[in-house]
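Residue numbers (the working numbering), protein chains in the order written: chain W, 1 to 695; chain V, 696 to 952. Using N, Cα and C, we set each Cβ at its ideal position, and we do this for glycine too. These notes are about the structure you will find just below.
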Amino acid sequence: MHSLARSMVLLMYMGSVLLVFIFGSPASIQAANQAEGNHALNISVTPEPAQFIFVNGDADRFQAHHWMQEGYTGGVKNFSSEYKLKDGIKVETEGHALIDQNDYEALVSVKKGDLLYLDFSYDEFRKYFDSSGGTYYPFGSMALGQFGNGYKRELFVDIGKMEVEFGIKPEHLPELIFAYERHFKNGTKSRLTWTSVVVGSTTRNIGPVFQEVDETVDSFSIKAKKDIGGFQAAAEQAFEFFGAETMREERSGTTNKIRRQTQNPRSFMAASVFEVERWFWKERVHFSSGYRFSHLNNDEFERLAEFDINYNPRSFANPKNKINAIAENDLDIHTWVASFLGIPWEWLSASTRFKAEAFRHKGHSFYPGDTTDPPDNVANTTEVGDTKSKGGRFGESVSLRFTKIPRTALYTELEFEQARLNMREDQASLAGQSASNANEVFGRDTLTDVLKGIWSLGGRVQPVSFIDITSQVRYRNDGTNYDDRRETAPGATTARSAFFDGQHRDVSELMTRVSLKHFRLLEPSFRYQLQDVKYATRFEGQPIVKTSSISHIYTFDVTSQPLDELLLTGSFSRQTSATRTPAQLSATANTPTFNADVDSWLFSGSYSFSEKLVANSAVVYSFSDNFNDFTNAGLPLGVDDQRLDLTASLRWTVNDRLTLEPKYAYYRYQANSNADAGGDYDVHLLLVEATVAWG
Amino acid sequence: MPSFKYFHFFSIPSILILFFLSSCRYDVETVRRALEAQTITITGAEYVGMETCAACHEKQYLEFKRSTHARIALPEKYSKAQGCESCHGPGSIHVEKEGAKGTIINPKKDPSTCFACHLDKKAEFQLPYHHPVKEGKMSCSDCHNPHGEEVKPWTSTSLKDINEACFKCHKEQRGPFVWEHEALREGCTTCHKVHGSIHDKMLLVRDNNLCLRCHTQADFPNIGKQSHATRLPQGTCFSAGCHTAVHGSNFDDHLRY
């Protein structure tokens, strides 16, 4: 379907370009303008006849970082037009088509006053993936291509959507909107579920893995809106059908054991939404309320198979062959919300909001395992999973906004949530060719209580006209308590997943921004953000364990115009982040603090040689230094690299209708080879754009 | 390859120099010319005030009164660029040309308007793994409703579900699953840095610490009843061939597949 839609878009573009050349010439425009009621108002086309990207190094990584493909690209970077036809009908089109990049967008909007409209849109782009796995010195890189011929994949996924919306607003009748959407994903992507590589007696999971994806989602909706007794009422009924086929393949780097998982998930969702709202008393009081019911049913068919290097089916040690596994879930959610806003004075507003929600989930699965070597497609044992949960959730919030103090706006907000969830989980093991597996049998009833609270205080101050300050502090406290009402006693070696008794989370946040305006040479702005997250987890029969994650972000931004012809902007951002757990002090499986620090610089400059000739350039540089050589303890995964992006272009306005813009860009990436499996790259990009305007 | 680490050492002195230079006042007209090159100003346009916008865009005008962004709106007497025009630019030309295309800033098509205040997000979108906002394939408004009562995709009082903004595109993670991962109840942002990250898949933390924030227990390296002493050093919990179904599994209660 999407290839059909893509063909439609290409056809549309060819047609559009043809139309532009036939009807878009100045003479044609003039003639059209003379024809009563049929005006081509504006047409603009920016062809991008030639873009060349030369990559020296790891092209996959470059494509993943920059969302563009190496080699030649051509197409139309931008097309837009606006027509007025008879009877007040207005037609607008817009889009682009960079064919070799698989980057398309098309928008067509037809509107007749306030009575009716028809919107069509299609867009598609390509997401690229890095094909490298991890690095463990002195192990080698395990890029996909290194597994041998036939295993190399071009990793990209085409992502797109097509939407059609038709709306009609007849007098004295409800406004109706009909919509259809199709979303799709198609391609092969990388996964972080890496496979094992063994050198000597050391095992590290650093081998790359890919997954093929073919996914479509079709959605239909009808919406009605009408004023009823002063209330604006809206109702919507939506249906969604989702289906996907995925295939994931993991190939062990040393044993050449191949594991392949195929999944076919499908789902159907129906949602009904009713909303009303009204302003009272000269727009000083507002009330709104909404109700939503959604029903979601999904099922999944799955198969997991193991092969040797020649793709002969095998059951290796600890076999994972699963045949014809099936699962089904049902989820119903009823949600009701209401909000009240009062503005007693211009300088004070108060609002409060409520939410009540009830939900119910049922899940069921069969997981037949075939452990015979080679597999005979007959289950040895089958695990049967059965989960049921139901519960309720309430939310409340209060907000105050105050602007009585000159040059100041202050606000404070309180938000609470209470939830209770009853969950029943049971798993059984059925005998097949082998006896049932007692280790896989368990049952549990858990009552979960959740209490959350968030308090925010913030504001904006302009003490003088050229200083602007905004700040906010936010504190959040979450508490979750798990009460096991019924639980199969775990054995010495059989683990059960419900080992939590409770967890608390405290989050403290601070944000502040200061900007100075109307200054000579520079207009600077500074923003600081702090987030401090503390976890306290209580496991069954054990003392509380505390962990933390803290991050600081400092951003400095400046604009300068030292000469009338020269405009400069600069930005510096430092982000530091550290995640610590008591595992950093453990003698066994020691896991040091994980740092994710990065400094980024952005500079741009624009110089006007004349009204018709403008030079633009930009530099982006980022630097990460997080390599933590704990070779004996684990796998170093901190990012340690440098990136430089440099672009320069010249914009030449040849005449009123034609603008030319040649562009050059240089991209460089360098990583610490002890921490990163991907290669470095040096990239040169050459590009010419031309904008042609009529009307 | 030659290193360019020296860039790094310019950072602190550059900030100091920039702040020092900024102590000289500038005339408003020149600043205006500078800002015209940015996105929040439209050449030749004047501010008209929110009431003028309301004449045609009443729904958005009223919606904005309740929105998160309105929390920091100052009365117009203190600054002309308030309300609608603080993001959409001055509206006089848009009014004169009866709403013609291209006469007002549409932040949906250019994130620069959002980045003018959200400087940190501008930097995050420059990081290697990011949603393609600066590439123009997505916009801030795909996930955020800037006019809405809540700009954030979710609060405790939203009609929508906590991860609904993410599941619009990432349906394969939506579930529900027979065996769920409770972390998803707290939202995707518990593990993902959604604007941009230095880690693949936009992860907040790339190694075992991501999971150990919640799953460290007093008798570590035990997790549950199982010792993970030899497993943890081999790779991250979801990378090391074990708990690969981190978003939830229909078949395995330990989220292995």
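By a C-beta neighbour count over all protein chains shown, 10 Å radius and 16 as the cutoff for buried, is residue 71 of chain W buried or exposed? The residue in question, residue 71 of chain W, is exposed, as its Cβ has fewer than 16 Cβ neighbours within 10 Å.
Ignore the nearest five residues each way along the sequence and tell me which others in residue 839 of chain V's own chain have a CB closer than 6 Å to its CB. These residues qualify, in order along the chain: 846.
Between residue 193 of chain W and chain V, is there a C-beta pair that is closer than 9 Å? Residue 193 of chain W counts as touching chain V.
May I ask you to list, following chain order, the residues of the stretch 235-269 of chain W that have a beta carbon less than 8 Å from some beta carbon of chain V? Hits within the stretch, in order: 242, 244, 246, 250, 261, 265, 267.
Considering only residues of the same chain and omitting the five flanking positions on each side of residue 357 of chain W, which have a CB-CB separation below 6 Å? Same-chain partners within the cutoff: 335, 393.
Where does the unbroken alpha helix (DSSP H) through residue 910 of chain V begin, and where does it stop? It spans 904-910 - the alpha helix (DSSP H) in which residue 910 of chain V sits, taken as one unbroken run.
I'd like to check one pair, residue 771 of chain V with residue 794 of chain V: are the Cβ atoms closer than 9 Å? The answer is no: Cβ separation not under 9 Å.
Looking only at its chain, what residues have a beta carbon closer than 8 Å to the beta carbon of residue 951 of chain V, apart from the 5 residues adjacent to it on each side? Same-chain partners within the cutoff: 937, 938, 939, 940, 944.
Nearest neighbour of residue 873 of chain V, chosen from W:368, W:257, W:427 [CA to CA]: The shortest C-alpha separation from residue 873 of chain V is found at W:427.
So, under 8 Å CB-CB, residue 485 of chain W and residue 446 of chain W are touching, yes? Tell me the CB distance rounded to an integer number of Å. So it is a contact: roughly 7 Å between Cβ atoms.
Rounded straight-line distance, which links the Cα of residue 511 of chain W to that of residue 572 of chain W: Cα to Cα, the separation comes out at about 17 Å.
Close Cβ partners of residue 277 of chain W (< 8 Å) along its chain, the five nearest in sequence each way excluded: Only 231, 232, 286, 287, 288, 289 meet the Cβ criterion.
What are the start and end residues of the beta strand (DSSP E) that includes residue 757 of chain V? For residue 757 of chain V, there is no enclosing beta strand (DSSP E); the residue is part of the alpha helix (DSSP H) that begins and ends at 753-760.
Using a threshold of 9 Å, state whether the C-beta atoms of residue 461 of chain W and residue 46 of chain W are closer than that. No. Outside cutoff.
In the DSSP assignment, what are the bridge partners of residue 63 of chain W? The partner list for residue 63 of chain W (beta bridge, DSSP) is empty, contrary to what the question assumes.
Element boundaries [beta strand (DSSP E), containing residue 286 of chain W]: It spans 285-307 - the beta strand (DSSP E) in which residue 286 of chain W sits, taken as one unbroken run.
Against residue 99 of chain W, what residues of chain V qualify as contacts under a CB-to-CB distance less than 7 Å, listed in chain order? Residues of chain V passing the Cβ test: none, with the nearest at roughly 16 Å.
Let's see if you can read the secondary structure: which residues bound the beta strand (DSSP E) around residue 663 of chain W? Secondary structure note for residue 663 of chain W: its beta strand (DSSP E) is the uninterrupted segment 658-671.
Should residue 836 of chain V be flagged as near chain W, meaning a C-beta pair shorter than 9 Å? So, not an interface residue.
Have a look at residue 402 of chain W and residue 557 of chain W and give me their C-alpha separation to the nearest angstrom. Using only the alpha carbons, I get a separation of about 29 Å.
Looking only at C-alpha atoms, which of W:227, W:186, W:128 sits nearest to residue 895 of chain V? Of the listed residues, the one whose Cα sits closest to residue 895 of chain V is W:128.
Looking at C-beta atoms only, is the number of pairs between the stretch 649-662 of chain W and the stretch 626-639 of chain W that lie closer than 8 Å three or more? No contact exists between the stretch 649-662 of chain W and the stretch 626-639 of chain W.
For residue 604 of chain W, which residues does DSSP report across the bridge? According to DSSP, residue 604 of chain W bridges with W:569, W:618.
Nonlocal neighbours in the same chain, by C-beta distance under 6 Å from residue 690 of chain W, ignoring five residues either side: Excluding residues up to 5 positions away in sequence, 47, 660 lie with their Cβ nearer than 6 Å to the Cβ of residue 690 of chain W in the same chain.
Please name the residue or residues paired with residue 921 of chain V in a DSSP beta bridge. The secondary-structure analysis by DSSP pairs residue 921 of chain V across a beta bridge with V:918.
9 Å is my cut-off, CB to CB: does residue 858 of chain V come that close to chain W? Under the Cβ distance rule, residue 858 of chain V does not count among the residues neighbouring chain W, no pair being separated by less than 9 Å.
Spell out whether any CB of chain V is found under 9 Å from the CB atom of residue 275 of chain W. By this cut-off, residue 275 of chain W is an interface position.
With a Cβ-Cβ cutoff of 9 Å, do residue 408 of chain W and residue 458 of chain W count as a contact? Between residue 408 of chain W and residue 458 of chain W, the gap from beta carbon to beta carbon reaches 9 Å or more.
By alpha-carbon positions, which one of W:592, W:642, W:443 ends up nearest to residue 599 of chain W? Checking every option, the nearest Cα to that of residue 599 of chain W belongs to W:642.
To test your reading of the DSSP string, which unbroken beta strand (DSSP E) runs of 3 or more residues are found completely within the stretch 450-490 of chain W? With a minimum length of 3 residues, the continuous beta strand (DSSP E) runs that stay inside the stretch 450-490 of chain W are 467-487.
Cβ of residue 808 of chain V less than 9 Å from any chain W Cβ? So, not an interface residue.
When W:54, W:569, W:101 are compared against residue 668 of chain W, the one with the closest alpha-carbon: The option with the nearest alpha carbon to residue 668 of chain W is W:54.
For residue 891 of chain V, the three-state DSSP class (helix, strand or coil): Strand.
Could you check how far apart the C-beta atoms of residue 216 of chain W and residue 259 of chain W are, in whole angstroms? I think they sit under 8 Å. Residue 216 of chain W to residue 259 of chain W, Cβ: 26 Å. No contact.
Can you give me the C-alpha to C-alpha distance between residue 850 of chain V and residue 163 of chain W, rounded to a whole angstrom? Each residue's alpha carbon lies about 28 Å from the other.
Assign residue 33 of chain W to one of three DSSP states: helix, strand, or coil. Note that residue 33 of chain W has pLDDT 46, beneath the 50 cutoff, so the model's placement of it is unreliable and the number below is only indicative. Of the three classes helix, strand and coil, the one that applies to residue 33 of chain W here is helix, per DSSP.
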